[in-house]
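Quick notes on the structure that follows.
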Amino acid sequence: MNYYQETTLTTSKSKINSFGIITPSYAPDFQRCQLLCHSIDKFLSPSVNHYIIVDQKDLLLFRQLETANRQVITKESILPWWIKRLPTHKNLWLSFKTLPVRGWLIQQIIKIAVAQQIKEEISVFVDSDVVFVRPFNLNNFIKNNQVRLFRETVGNEVQKNIQYKWHKAASRLLALPDVDDKIPDYIGQIVTWKKSHAIQLCNYLEQIWSKSWVEILANSWHCSEYTLYGIFVDRILKEQSEHYYDSQIISHDYWEPVFLSESQLENFIQQIKPEQIAIMISAKAKISPQSYQPIIEKNFSLTTT
């Protein structure tokens, strides 16, 4: 089945409390994704559909995780016909309409596409190196019929230089005259979007550039899907966005590509704040899930047997 299609779907307010979790993953992160799946089933309510997006070659491996509420979809089934994987290059895709597309950009295109295609109105993006550790009702993301959008107004000082490039690219794509000099940060774990706005965003891009939104993004060297959506909500939709801004960090994250010992892991995990519902240990740190799973199970009653 090809999940990519031109669409003008509309949604109603009655769908505002329908959630779909979207997780891109790949074979080296299978055990991390498996732990994420278990934690979703253990801690999240109400029951939620979970969409795992993988390469075609990883499909059989990840199908072990499928349940009545969990579906594995291939990138190849989502992308348009004119984007094909290059078997000789790990992170490069052949495009018949643009220059070759980097794997990092393909993942962003995939997220935007899936957010438009799932039946649920609210997309919840959760990476496979995240583990939920506390009970959480997804309806807490809704206040006064508005959906949470992570936004740190003053931006991320550590990431401001790289994020400036993403803001500049988003402003160009959206035909905005300038870049917000505060460089607000829209990037985090457990990010929520509205399906109707993902559709509006892509329609808006196509109206400006007279090309398909996939082709537009495939031609963009610097691009962040979260930044693009956030600026679209912030500066185009404005008061019509049906989003409320929240700068609270709800996941306890370890981003460094540096290995941690067992005692360091224990110390990190125990530093979680009361309002945080998940832990993320970046796969770039090359820490096996078997190293931190027992610590998480001990501290948060996340049993996997």
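Residues in the sequence shown are numbered consecutively from 63, following this note's numbering. Think of the CB as a built atom: it goes at the ideal place given N, C-alpha and C, for glycine as much as any other residue. None of the values given here were measured: they were computed from a predicted structure.
Assigned exposure category for residue i - 16 Cβ within 10 Å defines buried
i: Thr-85; result: buried
i: Lys-257; result: buried
i: Thr-70; result: Because the pLDDT of Thr-70 is 32, which lies under 50, any placement of that residue in the model is unreliable, and the question is left without a value.
i: His-151; result: exposed
i: Asp-120; result: buried
i: Glu-182; result: buried
i: Lys-360; result: exposed
i: Gln-179; result: buried
i: Ser-286; result: buried
Cβ separation of residue i and residue j, assumed to be a contact under 8 Å, to the nearest whole Å
i: Ile-249; j: Tyr-288; result: 5 Å
i: Ile-83; j: Val-110; result: 6 Å
i: Glu-304; j: Val-193; result: Wrong, their Cβ atoms sit about 30 Å apart, outside the cutoff.
i: Glu-328; j: Ile-357; result: 5 Å
i: Ser-313; j: Asn-199; result: Going by Cβ atoms, the distance from Ser-313 to Asn-199 rounds to 16 Å, so no, they are not a contact pair.
i: Ile-252; j: Ala-340; result: 6 Å
i: Ser-363; j: Glu-324; result: So it is not a contact: roughly 20 Å between Cβ atoms.
i: Tyr-306; j: Trp-255; result: Actually they are not in contact, since the Cβ atoms of Tyr-306 and Trp-255 sit about 13 Å apart, beyond 8 Å.
i: Leu-322; j: Ser-282; result: Not confirmed; about 35 Å, so no contact.
Distance, residue j Cα to residue i Cα
i: Ile-40; j: Thr-215; result: Not covered by the structure: residue 40. The range shown for the chain is 63 to 367.
i: Glu-268; j: Ile-278; result: 8 Å
i: Asn-265; j: Arg-147; result: 26 Å
i: Ala-280; j: Gln-93; result: 30 Å
i: Ser-80; j: Ile-140; result: 22 Å
i: Ser-190; j: Ile-102; result: 11 Å
i: Val-195; j: Trp-271; result: 44 Å
i: Val-163; j: His-229; result: 20 Å
i: Ala-89; j: Pro-319; result: 19 Å
i: Leu-156; j: Ile-245; result: 33 Å
i: Lys-348; j: Glu-301; result: 43 Å
i: Phe-105; j: Leu-127; result: 17 Å
i: Gln-96; j: Ala-345; result: 14 Å
i: Ile-293; j: Ala-237; result: 11 Å
i: Arg-125; j: Ile-174; result: 23 Å
i: Gln-67; j: Gln-262; result: With a pLDDT of only 39 at Gln-67, under 50, the local geometry of the prediction cannot be trusted, and the value read off the model is given with reservation. Between Gln-67 and Gln-262, the C-alpha separation is close to 14 Å.
i: Asn-131; j: Lys-159; result: 36 Å
i: Lys-335; j: Ser-185; result: 25 Å
i: Leu-247; j: Phe-212; result: Leu is not the amino acid found at residue 247; the sequence shown has Asp there. In a straight line, the C-alpha of Asp-247 is about 8 Å away from that of Phe-212.
i: Asn-201; j: Pro-149; result: 42 Å
i: Trp-143; j: Asn-218; result: 37 Å
i: Gln-333; j: Met-342; result: 13 Å
Residue i beta carbon near the ligand SAH (any heavy atom closer than 7 Å)
i: Asp-120; result: As far as ligands go, the structure on display features none, and thus does not contain the ligand SAH.
Helix, strand or coil at residue i [DSSP, three-state]
i: Arg-196; result: coil
i: Leu-235; result: helix
i: Val-216; result: coil
i: Gly-250; result: coil
i: Phe-187; result: strand
i: Ile-140; result: helix
i: Leu-267; result: helix
i: Leu-364; result: coil
i: Phe-203; result: helix
i: Val-163; result: strand
i: Met-63; result: Reliability fails at Met-63, whose pLDDT of 35 lies under 50, so the model's placement of it is uncertain and the value that follows must be treated cautiously. Coil.
8 Å Cβ cutoff, residue i in contact with chain B
i: Ile-331; result: The structure shown contains no chain B, having only a single protein chain.
Minimum length 4: unbroken alpha helix (DSSP H) runs contained in the region 272 to 358: For the alpha helix (DSSP H) assignment, the uninterrupted runs of no fewer than 4 residues enclosed by the region 272 to 358 are, from N- to C-terminal side, 275 to 280, 287 to 293 and 324 to 332.
Would you list, in sequence order, the uninterrupted beta strand (DSSP E) runs of no fewer than 3 residues that lie entirely inside the region 96 to 137? Within the region 96 to 137, the complete beta strand (DSSP E) segments at least 3 residues long are 111 to 116 and 132 to 136, listed from N- to C-terminus.
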